[in-house]
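Presented below is the structure to which this report refers.
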Amino acid sequence: MKNLSFADLANATVAAHSGRDGAFVSRVKFWVEFFGDRDITTIAADDVEDGIDALMQRGKIKIQTTREGVKYLPTDQPLAPATVNRYVACLGTIFRELRRRRLLPRGYQSPTRGVGRLEAGEGRTLTVTVEDVKRLVAACRVSRNRKLAAIVAMACTTGWRKGTLQSLKWGAVNLKEGYADTLRTKNGTPHRTPLLPWVVEELRRIKSPLAGDNDFVFGPGNFSRAWENACKLADLPPWTFHHCRHIAASILAQSGASVVTIMQALNHKTPMMAMRYSHLNVEALRDSVGRAWS
Numbered sequence: 073m074k075n076l077s078f079a080d081l082a083n084a085t086v087a088a089h090s091g092r093d094g095a096f097v098s099r100v101k102f103w104v105e106f107f108g109d110r111d112i113t114t115i116a117a118d119d120v121e122d123g124i125d126a127l128m129q130r131g132k133i134k135i136q137t138t139r140e141g142v143k144y145l146p147t148d149q150p151l152a153p154a155t156v157n158r159y160v161a162c163l164g165t166i167f168r169e170l171r172r173r174r175l176l177p178r179g180y181q182s183p184t185r186g187v188g189r190l191e192a193g194e195g196r197t198l199t200v201t202v203e204d205v206k207r208l209v210a211a212c213r214v215s216r217n218r219k220l221a222a223i224v225a226m227a228c229t230t231g232w233r234k235g236t237l238q239s240l241k242w243g244a245v246n247l248k249e250g251y252a253d254t255l256r257t258k259n260g261t262p263h264r265t266p267l268l269p270w271v272v273e274e275l276r277r278i279k280s281p282l283a284g285d286n287d288f289v290f291g292p293g294n295f296s297r298a299w300e301n302a303c304k305l306a307d308l309p310p311w312t313f314h315h316c317r318h319i320a321a322s323i324l325a326q327s328g329a330s331v332v333t334i335m336q337a338l339n340h341k342t343p344m345m346a347m348r349y350s351h352l353n354v355e356a357l358r359d360s361v362g363r364a365w366s
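Per my numbering, the sequence shown starts with residue 73, numbered consecutively.
So this is what it looks like as structure tokens:
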């Protein structure tokens with residue numbers, strides 16, 4: 073099957089759209105700008121979550137009709153969770169229409185299926201503690217999924233995406249030195265990430281003596297039910313697994329890490345996404361200013 077450009081296919085659904093939702097076109101426009109000409113079959117739930125992050129960073133827009141055409145102007149106001157959910161629903165509609173037209177491979181599942189809905193008052197910038205994370209990992213250890221604790225520990229401390237974790241092989245993990253490599257990240261650059269000692273121990277616990285360099289550390293698979301049970305057992309909100317990425321950024325910000333450090337840790341290409349956590353390190357900034365003037 074030839075490369076299926078998301079932009080081409082999404083724009084085709086706009087042409088065929090007959091619904092009464094006047095905002096549908098502007099929502100499709102956002103997703104077209106975000107995914108561009110990427111092969112639609114390579115888009116996963118993690119990518120949709122990244123799109124939601126970018127959407128919330130952008131905030132509300134004002135649609136203005138002029139002689140030159142329609143303009144989309146920023147308002148610097150945040151989006152309501154219900155509005156974000158409508159953007160995700162719009163994306164789901166695109167995939168549903170493409171499946172109906174048989175333009176997607178047989179058995180292909182919409183990536184929106186793995187994305188949780190935002191509840192009223194819920195944001196994407198989390199304020200969590202190290203104790204919260206360790207309580208979550210402890211809850212994962214009692215799961216029937218023996219690898220759950222390790223993948224959650226690594227996700228919460230490195231900020232790696234689910235897809236990156238599931239494609240990780242033992243040959244890219246150095247347990248002795250405490251680091252893991254990704255050969256190619258989403259934005260196209262090599263990335264080496266340090267591993268905390270307690271995360272290394274979680275990885276040692278699941279590594280088989282027969283594991284070779286080409287064997288997956290975690291491998292593919294759906295562990296959403298086990299994840300949901302662990303969140304409930306740890307008395308935490310019903311987060312999606314992608315929230316682990318926000319947890320990693322939140323913990324770093326609260327420790328006083330700079331925007332540059334958060335960018336490097338989460339492998340952001342621009343500071344825009346990392347800056348959303350800057351308000352969490354206000355106490356560290358206060359201490360730094362105090363030391364400078366003492």
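Beta carbons are placed, not taken as given, at the ideal position from N, Cα and C, and that holds for glycine. Computed from a predicted structure; not experimentally measured.
Beta strand (DSSP E) runs wholly inside the segment 133 to 204, at least 3 long, in chain order:
133 to 138, 141 to 146
Alpha carbon to alpha carbon, how far is residue 179 from residue 316?
Residue numbering aside, residue 179 sits at position 107 when the sequence shown is read from its first letter. Residue numbering aside, residue 316 sits at position 244 when the sequence shown is read from its first letter. Using only the alpha carbons, I get a separation of about 28 Å.
C-alpha distance - residue 87 paired with residue 169, whole-angstrom precision
Numbered from 1 along the sequence shown, position 15 holds the residue referred to as residue 87. Numbered from 1 along the sequence shown, position 97 holds the residue referred to as residue 169. Rounded to the nearest angstrom, the two C-alpha atoms are 12 Å apart.
Around the Cβ of residue 312, are there at least 16 other Cβ atoms within 10 angstroms (buried) or fewer (exposed)?
Translated into positions along the sequence shown, residue 312 becomes position 240. Classification for residue 312: buried.
Roughly how many whole angstroms lie between the Cα atoms of residue 291 and residue 79?
Here residue 291 is taken as the residue at index 219 of the sequence shown, counted from 1. Here residue 79 is taken as the residue at index 7 of the sequence shown, counted from 1. Answer to the nearest angstrom: the Cα atoms are 30 Å apart.
From what residue to what residue does the beta strand (DSSP E) around residue 109 run?
Along the sequence shown, one-based indexing puts residue 109 at 37. No beta strand (DSSP E) contains residue 109, which DSSP labels as neither H nor E.
Could you check how far apart the C-beta atoms of residue 69 and residue 228 are, in whole angstroms? I think they sit under 8 Å.
This structure leaves residue 69 out entirely; the chain is present only between 73 and 366.
Take residue 248 as the anchor and find which of 289, 81, 275, 114 has the nearest alpha-carbon.
On the sequence shown, residue 248 is found 176 positions in, with the first residue counted as 1. Comparing Cα positions, the closest option is 275.
Smallest Cα separation from residue 109: which of 118, 134, 139, 81?
Here the question's residue 109 lines up with position 37 in the sequence shown. Of 118, 134, 139, 81, the residue nearest in Cα terms is 81.
Kindly examine the ligand ZN and report whether one of its heavy atoms sits closer than 7 Å to the Cβ of residue 243.
The ligand ZN is absent from the structure shown, which contains no ligand whatsoever.
Could you tell me which residues DSSP puts in a beta bridge with residue 47?
Lying outside 73 to 366, the shown extent of the chain, residue 47 is not represented and no answer is given.
Buried or exposed for residue 230, please, with buried defined as at least 16 other CB atoms from any protein chain shown within 10 angstroms of its CB.
Against the sequence shown, residue 230 aligns to sequence position 158. The residue in question, residue 230, is buried, as its Cβ has 16 or more Cβ neighbours within 10 Å.
Going by Cα to Cα distance, which pick from 163, 135, 246 is closest to residue 121?
Along the sequence shown, one-based indexing puts residue 121 at 49. The residue with the shortest Cα to Cα distance from residue 121 is 163.
Return yes when the Cβ of residue 199 is within less than 8 Å of the Cβ of residue 322, no when it is not.
Counting from 1 along the sequence shown, the entry for residue 322 is found at position 250. Counting from 1 along the sequence shown, the entry for residue 199 is found at position 127. Between residue 322 and residue 199, the C-beta spacing is below 8 Å.
Just mark residue 166 as buried or exposed, buried being the case when its beta carbon has 16 or more other beta carbons within 10 Å.
Stepping through the sequence shown from its first residue, residue 166 is reached at position 94. Classification for residue 166: buried.
Out of 270, 124, 268, 239, which one is the CA nearest neighbour of residue 285?
Walking along the sequence shown from the start, residue 285 turns up at place 213. Cα-wise, what sits closest to residue 285 is 239.
Is it a yes or a no for the segment 213 to 222 touching the segment 132 to 152, going by three-plus beta-carbon pairs under 8 Å?
Remark: fewer than three beta-carbon pairs, one from each stretch, lie closer than 8 Å, so the segment 213 to 222 and the segment 132 to 152 are not flagged as touching.
Give me, in chain order, the residues of the same chain whose beta-carbon lies closer than 7 Å to that of residue 157; leave out the 5 immediate sequence neighbours on both sides.
One-based indexing of the sequence shown puts residue 157 at position 85. So the qualifying residues of the chain are 189, 190.
Is the beta carbon of residue 113 less than 8 Å from the beta carbon of residue 176?
Numbered from its first residue, the sequence shown carries residue 113 at position 41. Numbered from its first residue, the sequence shown carries residue 176 at position 104. Yes; because the gap between Cβ atoms is below 8 Å, this pair is in contact.
Going by other Cβ atoms of all chains shown within 10 Å of its Cβ, with 16 needed for buried, is residue 265 buried or exposed?
As a first step, residue 265 is located in the sequence shown; it is residue number 193 there, counting from the start. Residue 265 comes out buried.
So residue 320 packs on residue 338, CB below 8 Å; how close in whole Å?
By 1-based counting over the sequence shown, the position of residue 320 is 248. By 1-based counting over the sequence shown, the position of residue 338 is 266. Confirmed, Cβ separation roughly 7 Å.
Inter-residue Cα distance where the pair is residue 203 and residue 209
The residue labelled residue 203 in the question sits at position 131 within the sequence shown. The residue labelled residue 209 in the question sits at position 137 within the sequence shown. Using only the alpha carbons, I get a separation of about 10 Å.
So which of 334, 106, 270 has the shortest CA-CA distance to residue 128?
Residue mapping note: residue 128 aligns to position 56 of the sequence shown, counting from 1. It is 106 whose Cα lies nearest to the Cα of residue 128.
As assigned by DSSP and simplified to three states, the class of residue 213:
Along the sequence shown, one-based indexing puts residue 213 at 141. In the three-state scheme derived from DSSP, where H, G and I count as helix and E and B as strand, residue 213 is classed as helix.
Rank 115, 307, 136, 141 by C-alpha distance to the C-alpha of residue 234 and give the top, closest one.
Start at 1 with the first residue of the sequence shown, and residue 234 comes out as number 162. Among 115, 307, 136, 141, the Cα nearest to that of residue 234 is on 115.
Taking all protein chains shown into account, do 16 or more other C-beta atoms lie within 10 angstroms of the C-beta of residue 174, making it buried, or fewer, making it exposed?
Position 102 of the sequence shown, counted from the start, is the residue given in the question as residue 174. With fewer than 16 other Cβ atoms within 10 Å, it is exposed.
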